[in-house]
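Letter 345 of the sequence shown, counting from 1, is numbered 345 in full-length UniProt numbering, and no numbers are missing.
By construction, the Cβ of each residue, glycine as well, lies at the ideal position given by its N, Cα and C atoms.
In this text, all values refer to a predicted model and were calculated from it rather than measured experimentally.
Before any comments, here is the structure.
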Amino acid sequence: MEEAGVKGLLCGLPLYEKLVTGSVECKDGEPVAVVSFDEARGRYLVAGASLKQDDVVLRTDTFERGILGNYKKRVCSFCFKDAKKRLHIHCRDCEQAWYCSEACREAHKRSGGHSLLHCKILSGFGSSKFNGDMESIIKILLAVLLKRVEAEPSRRGGGGGTGYELFNHLQSHADDLLPRSKKDLKDACSFLRKQMQRHHEEAPLPLDELVHHASRIESNCFGIFEEAAEAGDQGPSTSAEGGEGDAPRGEASGGVNGSSQQQRGPQRDVMLGREVYLEASMFNHSCEPTCVMSRSSGACEVSLLRDVDQGEELTISYIDETKPGAHRRKELKRNYHFDCHCRKCELDLLALRGGKKYKHLHKKKAKKKGKGRASKEGSAGSGGGAAPPAMNFESQVDQAMQKFLAL
Ligand SMILES: C[S@@+](CC[C@H](N)C(=O)[O-])C[C@H]1O[C@@H](n2cnc3c(N)ncnc32)[C@H](O)[C@@H]1O
Numbered sequence: 001m002e003e004a005g006v007k008g009l010l011c012g013l014p015l016y017e018k019l020v021t022g023s024v025e026c027k028d029g030e031p032v033a034v035v036s037f038d039e040a041r042g043r044y045l046v047a048g049a050s051l052k053q054d055d056v057v058l059r060t061d062t063f064e065r066g067i068l069g070n071y072k073k074r075v076c077s078f079c080f081k082d083a084k085k086r087l088h089i090h091c092r093d094c095e096q097a098w099y100c101s102e103a104c105r106e107a108h109k110r111s112g113g114h115s116l117l118h119c120k121i122l123s124g125f126g127s128s129k130f131n132g133d134m135e136s137i138i139k140i141l142l143a144v145l146l147k148r149v150e151a152e153p154s155r156r157g158g159g160g161g162t163g164y165e166l167f168n169h170l171q172s173h174a175d176d177l178l179p180r181s182k183k184d185l186k187d188a189c190s191f192l193r194k195q196m197q198r199h200h201e202e203a204p205l206p207l208d209e210l211v212h213h214a215s216r217i218e219s220n221c222f223g224i225f226e227e228a229a230e231a232g233d234q235g236p237s238t239s240a241e242g243g244e245g246d247a248p249r250g251e252a253s254g255g256v257n258g259s260s261q262q263q264r265g266p267q268r269d270v271m272l273g274r275e276v277y278l279e280a281s282m283f284n285h286s287c288e289p290t291c292v293m294s295r296s297s298g299a300c301e302v303s304l305l306r307d308v309d310q311g312e313e314l315t316i317s318y319i320d321e322t323k324p325g326a327h328r329r330k331e332l333k334r335n336y337h338f339d340c341h342c343r344k345c346e347l348d349l350l351a352l353r354g355g356k357k358y359k360h361l362h363k364k365k366a367k368k369k370g371k372g373r374a375s376k377e378g379s380a381g382s383g384g385g386a387a388p389p390a391m392n393f394e395s396q397v398d399q400a401m402q403k404f405l406a407l
């Protein structure tokens with residue numbers, strides 16, 4: 001794709017320009033998606049042209065993936081196939097990477113995905129206190145940090161990047177985490193930092209930066225789920241606890257980190273791992289999404305659920321958007337650490353607030369009226385105003401819509 005053909009990239013980050021020009025599909029020489037920005041939702045994608053239902057807007061390969069600790073002996077570390085039973089082949093030097101075949105073990109080593117350095121750095125996992133979920137984050141983080149080293153200009157001879165710079169620009173929610181979750185991330189990052197210092201780098205990134213990176217992974221990754229592991233799609237996912245074989249079932253939740261409904265197909269049950277797609281991390285969540293994501297074997301495709309006009313937002317859903325509004329917003333806040341500002345939620349909230357405000361005002365008025373009448377009639381404290389007429393839902397929405405349009 002010609003970079004010169006790109007229009008409307010508002011985020012001001014040359015790397016994102018490159019990201020978008022390099023990876024989205026084209027229609028008549030124009031990119032089908034461009035990056036835009038607003039205060040409430042950060043960067044988001046809009047249609048660069050009028051598009052039809054089922055048009056593909058993005059096809060891309062995974063940046064990094066990691067298996068949850070509890071499933072590492074069941075899912076192949078190279079091809080990510082779920083054997084659904086304990087595997088028998090593992091790395092010759094450690095028990096951190098398990099494989100479905102000798103070929104996968106060799107290929108993983110050859111590709112640099114599991115070197116001796118990985119063995120050394122990850123070797124402390126056995127004695128660490130991380131849960132399986134955190135282990136997958138730390139494994140991805142290690143891969144990212146190794147990409148960072150490769151990305152240093154002196155090492156790559158001025159050539160193309162490794163994706164690290166793009167990763168570095170993803171949204172982090174480290175500052176929005178509850179103290180307990182932040183502490184868990186900090187402990188895990190501190191462990192990795194020490195291991196890196198011992199085996200690899202003398203001056204690793206400061207701990208705070210590592211915590212932001214870990215949060216980037218958590219906030220932008222997509223869950224790999226048992227049922228959909230081969231067939232396809234899942235949304236960004238949050239966290240999950242699983243186990244080997246008869247493991248406890250993972251929570252199939254979430255947005256750019258382990259969520260749910262960005263996919264058609266079977267409901268996800270057990271989360272086996274998580275993966276990061278840099279370009280797909282530009283899709284914001286909406287409770288009435290225009291797009292759906294499907295994934296298969298380390299690649300993803302985002303396509304349109306309906307026709308959209310040029311300039312319309314391209315969104316996916318991180319959660320089950322058929323749930324009631326309060327439930328959706330709670331899940332997004334708990335698992336994705338943000339308050340949803342999609343159109344549907346904004347309208348819901350306006351309607352709710354409109355309704356409450358109306359009732360509140362009416363109550364006040366009625367109270368006043370009652371008082372007036374009571375003093376007129378000389379009777380004490382009966383209250384007595386007529387009950388406010390119930391405001392039906394249509395008029396609440398109507399009122400909310402008018403307010404929304406007036407904003
Ligand atoms: C996968 S990223 C999407 C791109 C992101 N806006 C950015 O600038 O990098 C997910 C993050 O975007 C923001 N986001 C996505 N959907 C949103 C929504 N409906 N309302 C508010 N913020 C949203 C949240 O900060 C969320 O953690």
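In the three-state DSSP reduction, His213 falls in the helix class (H, G or I). Rounded to whole angstroms, the Cβ separation of Glu279 and Cys221 is 14 angstroms, and the two are not in contact under 8 angstroms. Looking at the DSSP output, Asn284 sits in a beta bridge with Thr315. The three-state reading of DSSP puts His341 in coil, since its state is none of H, G, I, E or B. When the beta-carbon positions are compared, Phe338 and His173 come within less than 9 angstroms of each other. The beta carbons of Ser36 and Val308 sit no closer together than 9 angstroms. Cys79 sits close to Cys104, with the two beta carbons spaced by under 9 angstroms. Taking all protein chains in view, the Cβ of Ser317 is crowded by 16 or more other Cβ atoms within 10 Å, so the residue is classified as buried.
When distances are taken from the beta-carbon of Arg328 to the heavy atoms of ligand 1, even the shortest one reaches 8 angstroms or more.
Assignment of Glu226 by DSSP, reduced to helix, strand and coil, places it in the coil class. Between the alpha carbons of Asp184 and Ser215 lies a gap of roughly 11 angstroms.
Assignment of Phe37 by DSSP, reduced to helix, strand and coil, places it in the strand class.
Annotation for Gly69: Gly132, Glu135 place their beta carbon closer than 6 angstroms to its own, counting only its chain and skipping 5 residues before and after. The Cβ atoms of Leu122 and His200 do not sit closer than 9 angstroms to each other. Residue pairing of Tyr99 in beta bridges, as defined by DSSP: Ile89.
The beta-carbon distance between Cys76 and Ala83, rounded to whole angstroms, is 7 angstroms. This is short enough to meet the 8 angstroms contact definition.
Boundaries for Gly42: no alpha helix (DSSP H) harbours it, while the beta strand (DSSP E) harbouring it runs 42 to 47, taken from the DSSP string.
From the listed residues Tyr164, Val292, Leu146, the smallest Cα separation to Val57 is found for Val292. Counted as a single uninterrupted DSSP element, the stretch harbouring Leu68 is not any beta strand (DSSP E), since DSSP gives it neither H nor E. The beta carbon of Phe167 is closer than 8 angstroms to those of Phe63, Val144, Lys147, His213, Arg216, Val276, Leu278 in its chain, skipping five residues each way along the sequence. Annotated three-state conformation of Leu51 is strand, per DSSP.
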